[in-house]
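> Residue numbers (the numbering used here): 68 to 278. Backbone N, C-alpha and C fix where the C-beta goes; we use that ideal spot for every residue, glycine too.
#1: Under a three-way DSSP split, which group does residue 221 fall into?
#2: Decide if the stretch 111–126 is in contact with the stretch 167–177; the criterion is three or more beta carbon pairs, one per stretch, under 8 Å apart.
#3: Residue range of the alpha helix (DSSP H) that residue 175 falls in?
#4: In whole angstroms, give me the CA-to-CA distance for residue 112 and residue 97.
#5: What separation, rounded to the nearest whole angstrom, lies between the Cα atoms of residue 222 and residue 207?
#6: So the candidates are 251, 239, 234, 228; which of them puts its Cα closest to the Cα of residue 272?
#7: From which residue to which residue does the alpha helix (DSSP H) around residue 194 run?
#8: What does the alpha-carbon distance come out to for the pair residue 85 and residue 201?
#9: Specify whether the stretch 185–205 and the stretch 253–271 touch according to this definition: at least 3 beta carbon pairs, one from each stretch, less than 8 Å apart.
#10: Using alpha carbons as the reference points, say which of 108, 251, 162 lies closest to residue 129.
#11: Is residue 123 closer than 7 Å to residue 73 when the C-beta atoms are compared?
#12: Less than 7 Å between the C-beta atoms of residue 48 and residue 87, yes or no?
#13: Terminal residues of the continuous beta strand (DSSP E) containing residue 80?
#14: Does DSSP put residue 160 in a helix, a strand or coil?
#15: Determine the direct distance from the alpha carbon of residue 270 to that of residue 243, and round the result to whole angstroms.
#16: Tell me the residue span of the alpha helix (DSSP H) that contains residue 114.
#17: From the DSSP output, in three-state form, read off residue 270 for me.
#18: Need the endpoints of the alpha helix (DSSP H) that residue 243 sits in, please.
#19: Look at the Cβ atom of residue 181, then the Cβ atom of residue 214, and state whether they are nearer than 7 Å.
#20: Consult DSSP for residue 71 and reduce its assignment to one of helix, strand or coil.
#21: My output table needs one value for residue 108: the three-state DSSP class, helix, strand or coil.
#22: So, is residue 230 buried or exposed, given that buried needs 16 or more other C-beta atoms within 10 angstroms?
So, in structure tokens, the structure goes:
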């Protein structure tokens, strides 16, 4: 294997190419430590040491530092590590490492997200938000149903019905409104992610929800 090129990435780091293909990123001090220079051969032992020790440790620490600052989904964390140009195998290893210590937990992320946003966002909006963060619906739906069921049982009133009722009050809804005004409010609620059935239910039972 031959170091075919070294390209400066920023003031501290360089991209190293082996046999014409991008291999990894090293700090300039590391290039000196390992005598990495363009045109020289790199042994399999040194290559394995850089990947298995230097970059592996760095990716794990990077993942840990990111998760200490805020929660990430697995996809978000993978994307952040990919931005650091870590090889895919190293990214996989770092993900497994933090998952093993329960630092990365998509189910916990979903539960926290649903609990925090369920009073202000529709179920559809929450599902959309979480899928955009890279979480599969097979994970989202059961947790969302469980959290909503717990909340509905404790309050006796549907969480979404309460949200719709509050928005109807905010929009000064009245059963005596003309049809066009009602349509505008319904369109507004649909854009928020509420289903037509839920909207109609609250509108038709407005005395139960709206003072």
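Quick answer:
#1: As a working note, residue 221 is residue 154 in the chain shown. Since pLDDT at residue 221 reaches only 49, below the 50 mark, its modelled position is unreliable, and no value is offered.
#2: no
#3: Stepping through the chain shown from its first residue, residue 175 is reached at position 108. Residues 173–184.
#4: By 1-based counting over the chain shown, the position of residue 112 is 45. By 1-based counting over the chain shown, the position of residue 97 is 30. Between residue 112 and residue 97, the C-alpha separation is close to 16 Å.
#5: Translated into the one-based positions of the chain shown, residue 222 becomes position 155. Translated into the one-based positions of the chain shown, residue 207 becomes position 140. Interpretation of residue 222 is limited by its pLDDT of 49, a score under 50 that renders its predicted location unreliable; the figure taken from the coordinates is listed afterwards. Roughly 23 Å separates the two Cα atoms.
#6: One-based indexing of the chain shown puts residue 272 at position 205. The shortest C-alpha separation from residue 272 is found at 228.
#7: Translated into positions along the chain shown, residue 194 becomes position 127. Start and end: 190–199.
#8: Translated into the one-based positions of the chain shown, residue 85 becomes position 18. Translated into the one-based positions of the chain shown, residue 201 becomes position 134. If I take the Cα positions, the gap works out to 32 Å.
#9: Touching, yes.
#10: As a working note, residue 129 is residue 62 in the chain shown. The option with the nearest alpha carbon to residue 129 is 162.
#11: Within the chain shown, the letter at position 6 stands for residue 73. Within the chain shown, the letter at position 56 stands for residue 123. No, they are not a contact pair.
#12: Beyond the ends of the chain as shown, which are 68 and 278, falls residue 48; an answer cannot be given.
#13: The residue you call residue 80 lines up with position 13 of the chain shown. Following the DSSP letters along the chain, one finds residue 80 inside the beta strand (DSSP E) bounded by residues 80–85.
#14: Here residue 160 refers to the residue found at position 93 of the chain shown. Here residue 160 carries a helix assignment [DSSP, helix/strand/coil].
#15: Working through the chain shown from its first residue, we reach residue 243 at position 176. Working through the chain shown from its first residue, we reach residue 270 at position 203. Answer to the nearest angstrom: the Cα atoms are 11 Å apart.
#16: Indexing the chain shown from 1 puts residue 114 at position 47. First-last of the alpha helix (DSSP H) with residue 114: 111–116.
#17: Position 203 of the chain shown, counting from 1, holds the residue named residue 270. Here residue 270 sits in helix by DSSP.
#18: One-based indexing of the chain shown puts residue 243 at position 176. Note, residue 243: premise wrong, no alpha helix (DSSP H); not H, not E.
#19: Sequence index remark: in the chain shown, residue 181 carries index 114 (1-based). Sequence index remark: in the chain shown, residue 214 carries index 147 (1-based). It is a contact, given that the beta carbons lie within the stated cut-off.
#20: Position 4 of the chain shown holds residue 71. Strand, per DSSP.
#21: Position 41 of the chain shown, counted from the start, is the residue given in the question as residue 108. Of the three classes helix, strand and coil, the one that applies to residue 108 here is strand, per DSSP.
#22: Here residue 230 refers to the residue found at position 163 of the chain shown. Residue 230 sits buried, since 16 or more C-beta atoms from the chains shown fall within 10 Å of its C-beta.
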